[in-house]
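Heads up: the structure comes next, in structure tokens.
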Amino acid sequence: MKADEVVVGVTTLAIESPEREASLNVTLWYPARDSEKTTVVGGNAVFEGTVAQKNAQIVSGNFPTVLLSHGGMRSAQHQSAWLAAKLVESGFIVADVRAPSLGYADARIANDELWRRPIDISTAITALENNSEWSAYIDRQRIGAVGFFLGGTSVLSLAGASIEKESFIRSCDEIDRGMDCAWFKKFGVDLRKIDLTGLEKKHTDARIKAAVIIDPELTTSFSDQSLGSVDVPVRVINLGAQKTIISALNASSLASKIPNSHYSMLQNASQHSAFSVCKPKGAFILKEEGANVEICVSDIKVGRENIHNQMANEIIEALDRYLKK
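As structure tokens, then:
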């Protein structure tokens, strides 16, 4: 590799949050000079990691920047590393905002994440803008956000949409409306009896100029009025075909409610396609642990790398259109 060749750089930042008792962990991905200090991000016994240059020098420039938010209430760390690297290769800086981890026994406090995670993303933007080392590289007029699952819900909130409290409360009254309803039921969480004050606050962040949301959760809980007021372009992607997308993740109705939006489906994908590529023994390990083996085997015919390429191409095409014009 030539000394001046642009590679994927990665570093981590600890950001103080007024909303959290602990600091936010932000993984920053960026176009860099080769440092020959390769690291693998997100690799473990189940998942392949993503190769990057740790703490490498950033190349000169002013880059469109993407805030990236992956996962549900208890998602594993670095599941979006594969996408972050592809975005960097296409000329973006990416800030992967990681909320503090929730454990299985944290169901009673989990719903606070519905308003804390949008605040986390806004906090991360502010921190980057005020960071003397990184602010010069951030193009403040070209900031976008990409979210998977609950991350997609958070990004939609930042774009101007608002979750209706009563609609959210009813989300566990019907089968397959909410991703975490079985978890709440197991721990005796009644949505009608918990404090949802934070849900009623607006989280619009005008610094975000475009949004891409993939399999967002709770789309039927957003108010139609607020969806109609979203004034930034939004690309909505569902992983799967109309017959295979589960109700809790079906976002097809958003296209008719958000003025400047585009909806599409990756027909050969599934909700598990958003996860990293699994190692050969990944499914076996998940089975031994009593976890869902579909996380690893759902894309076995098409190949998860192929689906990742399709997904990345669509996300990058949207961000190029919205942020690089």
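In terms of the numbering used here, the sequence shown is residues 24 to 348.
We put the beta carbon where it would ideally sit given N, CA and C, even for glycine.
>> Using 8 Å as the cut-off, can you tell me whether the segment 129-143 makes contact with the segment 151-165, which would need three or more C-beta pairs spanning the two stretches below that distance?
In response: No contact exists between the segment 129-143 and the segment 151-165.
>> Using only CA atoms, which one of Glu-312, Gly-84, Glu-223 lies nearest to Asp-135?
In response: Among Glu-312, Gly-84, Glu-223, the Cα nearest to that of Asp-135 is on Glu-223.
>> For a test of the three-state rule: what should DSSP assign to Leu-342, helix, strand or coil?
In response: Helix, per DSSP.
>> Please give the ranges of any beta strand (DSSP E) in the segment 218-257, keeping only runs that are unbroken, at least 3 residues long and fully inside the region.
In response: Counting only runs of 3 or more, we get 233-237.
> How is Ala-79 classed by DSSP in three states: helix, strand or coil?
Replying inline: When secondary structure is reduced to three states using DSSP, Ala-79 falls in the coil class, being assigned neither helix nor strand.
>> In this structure, how does DSSP classify Gln-265 when only helix, strand and coil are distinguished?
In response: It is coil, neither helix nor strand.
> Thinking C-beta only, is Val-82 closer than 8 Å to Thr-73?
Replying inline: No, the Cβ-Cβ distance between Thr-73 and Val-82 is not below 8 Å.
> When you compare only the Cα positions, how much space is there between Leu-219 and Val-69?
Replying inline: Approximately 36 Å, taken between the alpha carbons.
> Using a Cβ-Cβ cut-off of 7 Å (strictly less than) and excluding sequence neighbours within five positions of Ile-38, which residues of its own chain qualify?
Replying inline: Hits under 7 Å: Ser-46, Leu-47, Val-49, Thr-146, Ala-147, Ala-150.
> Within 10 angstroms of its Cβ, does Arg-327 collect 16 or more other Cβ (buried), or is it exposed?
Replying inline: Burial state of Arg-327 is buried, judged by a 10 Å Cβ sphere holding 16 or more other Cβ atoms.
> Where do the ends of the alpha helix (DSSP H) carrying Asn-153 lie?
Replying inline: Counting along the chain, the alpha helix (DSSP H) containing Asn-153 begins and ends at 136-153.
>> I'd like to confirm the pairing. Which residues does DSSP put opposite Trp-52 in its beta bridges?
In response: According to DSSP, which records beta bridges pairwise, Trp-52 is partnered with Val-33, Val-117.
> Out of Gly-211, Asp-143, Ile-142, His-285, which has the shortest C-alpha to C-alpha gap to Gly-345?
Replying inline: Gly is not the amino acid found at residue 345; the sequence shown has Tyr there. Closest by alpha carbon: His-285.
> The alpha helix (DSSP H) with Gly-175 in it runs from where to where?
Replying inline: Membership of Gly-175 in the alpha helix (DSSP H) is indicated by the continuous run 173-182.
>> Let me check you understand the geometry: is the CB of Val-235 closer than 7 Å to at least one non-hydrogen atom of the ligand ATP?
In response: By its list of ligands, the structure shown contains no ligand whatsoever, and the ligand ATP lies outside what it can speak to.
>> According to DSSP, Ile-186 sits in a beta bridge with which residue or residues?
In response: Ile-186 is bridged to Phe-245.
>> Between which two residues does the beta strand (DSSP E) holding Phe-86 run?
In response: From DSSP, the beta strand (DSSP E) with Phe-86 extends over 86-92.
> Would you call Asn-283 buried or exposed, if buried means 16 or more other Cβ atoms sit within 10 Å of its Cβ?
Replying inline: Burial is judged here by how many other beta carbons sit within 10 angstroms of a residue's own beta carbon; Asn-283 has fewer than 16 and is exposed.
> Do you know how far the Cα of Leu-51 is from the Cα of Lys-60?
Replying inline: If you take the alpha carbons of Lys-60 and Leu-51, they lie about 16 Å apart.
> Closest by CA to Leu-214, which one among Lys-188, Met-288, Asn-261?
Replying inline: Measuring from the Cα of Leu-214, the nearest candidate turns out to be Lys-188.
> Ordered along the chain, which non-local residues of its own chain (more than five positions away) have a Cβ less than 8 Å from that of Gly-221?
Replying inline: Excluding sequence neighbours, Gly-221 sits near Asp-135, Leu-137, Trp-138, Arg-139.
> Should Ile-268 and Ile-237 be called a contact, given that it needs their Cβ atoms to be closer than 8 Å?
Replying inline: In this structure, Ile-237 does not lie closer than 8 Å to Ile-268 by Cβ.
> Is the segment 239-254 touching the segment 205-212, taking contact as three or more C-beta pairs under 8 Å?
Replying inline: With the cut-off at 8 Å, the segment 239-254 and the segment 205-212 do not touch.
>> Suppose you measure from the CA of Asn-336 to the CA of Trp-105; what does that come to, to the nearest Å?
In response: Cα to Cα, Asn-336 sits roughly 13 Å from Trp-105.
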